[in-house]
Amino acid sequence: MNLMGILVIIFLTSFSFVAHISYGDLIDDVCQKTDDNNLCVKSLRADPRSASADKKGLARIMVQLSQAKASDILNQTKVLLKQIKEPVLKQCLEVCRDNYDMAVFWYSDSIKYIDAGDFDDATSSTSAPMNDADTCDESFTEPPVRKSPLKQKTGTNLFILLDLTFSFLHQFKKL
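Positions -24 to -1, 1 to 151 (mature numbering (1 follows the signal peptide of the UniProt record, and there is no 0)) are the ones given, in order, by the sequence shown.
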């Protein structure tokens, strides 16, 4: 191998190392300003797109993670609606289905706003799913009270992820 080839390899290796360090620092810097640093770091590092993302890209990924969680709950709700026969529980699940359907829509809007660099509207669009998730949960607490079959099936609490996404976007309103 000639000298030029060796220099190219050294340069590319160095560049890759610097890019990796920058990626870690950006995620750490952004996540330290959220309410749940560990979940933020864990969520972003689990997504391979984060390695090359700037702040705008990280915001987009965080919204997409929340949207995926809302979509998962929406799909679980649809499955439960086909299985459950009890009228009051079915009515509660219909409220959840309608609200999570809207939440997924709001996240789509938020992603469009992020892509356009409009973090004010992206933040507003992200706050709407918080209300949708609340409305779903509250439907089970109205008389006659029923235990939500969704609580045990959703894994990471959507409210934590929603709050994390909201605070994440709020940081970028100045971008």
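Each residue gets a CB set at the ideal place from its N, CA and C atoms; glycine is no exception.
Cβ shell of residue i (< 6 Å), same chain only, five flanking positions each side left out
{"i": "Ala79", "result": "Ala46, Pro105, Asp108"}
{"i": "Leu69", "result": "Thr53, Leu56, Leu57"}
{"i": "Cys7", "result": "Asn13, Cys16, Val17"}
{"i": "Asn75", "result": "Asp108, Thr111, Cys112"}
Through-space distance from residue j to residue i, alpha-carbon basis
{"i": "Gln40", "j": "Lys123", "result": "29 Å"}
{"i": "Tyr89", "j": "Pro24", "result": "22 Å"}
{"i": "Gln52", "j": "Ser42", "result": "15 Å"}
{"i": "Leu140", "j": "Thr102", "result": "11 Å"}
{"i": "Lys9", "j": "Ser84", "result": "24 Å"}
{"i": "Asn13", "j": "Asp97", "result": "24 Å"}
{"i": "Leu126", "j": "Lys61", "result": "16 Å"}
{"i": "Ser19", "j": "Leu34", "result": "10 Å"}
{"i": "Ile87", "j": "Phe95", "result": "10 Å"}
{"i": "Lys149", "j": "Leu2", "result": "17 Å"}
{"i": "Lys66", "j": "Asp11", "result": "34 Å"}
{"i": "residue 206", "j": "Trp82", "result": "No answer is possible for residue 206: it lies beyond the span of the chain, which begins at -24 and ends at 151."}
{"i": "Phe144", "j": "Arg36", "result": "10 Å"}
With 16 other Cβ atoms within 10 Å as the buried cut-off, status of residue i
{"i": "Thr117", "result": "exposed"}
{"i": "Ser28", "result": "exposed"}
{"i": "Ile49", "result": "buried"}
{"i": "Phe135", "result": "exposed"}
Close beta carbons around residue i, own chain, < 7 Å, minus the five adjacent residues each side
{"i": "Val71", "result": "Thr111, Cys112, Ser115"}
{"i": "His146", "result": "Thr99"}
{"i": "Asp77", "result": "Leu50"}
{"i": "Ala44", "result": "none"}
{"i": "Val64", "result": "Pro120, Arg122"}
Bounding residues of the alpha helix (DSSP H) (the contiguous stretch that carries residue i)
{"i": "Ile60", "result": "Neither: Ile60 is in no alpha helix (DSSP H) and is coded neither H nor E."}
{"i": "Pro105", "result": "95 to 115"}
{"i": "Val17", "result": "13 to 22"}
{"i": "Asp30", "result": "Looking at the DSSP string, Asp30 is not in any alpha helix (DSSP H), and its letter there is neither H nor E."}
Cβ shell of residue i (< 8 Å), same chain only, five flanking positions each side left out
{"i": "Arg73", "result": "Leu50, Thr53, Lys54, Leu57"}
{"i": "Ser26", "result": "Tyr(-2), Ile3, Leu20, Gly33, Leu34, Ile37"}
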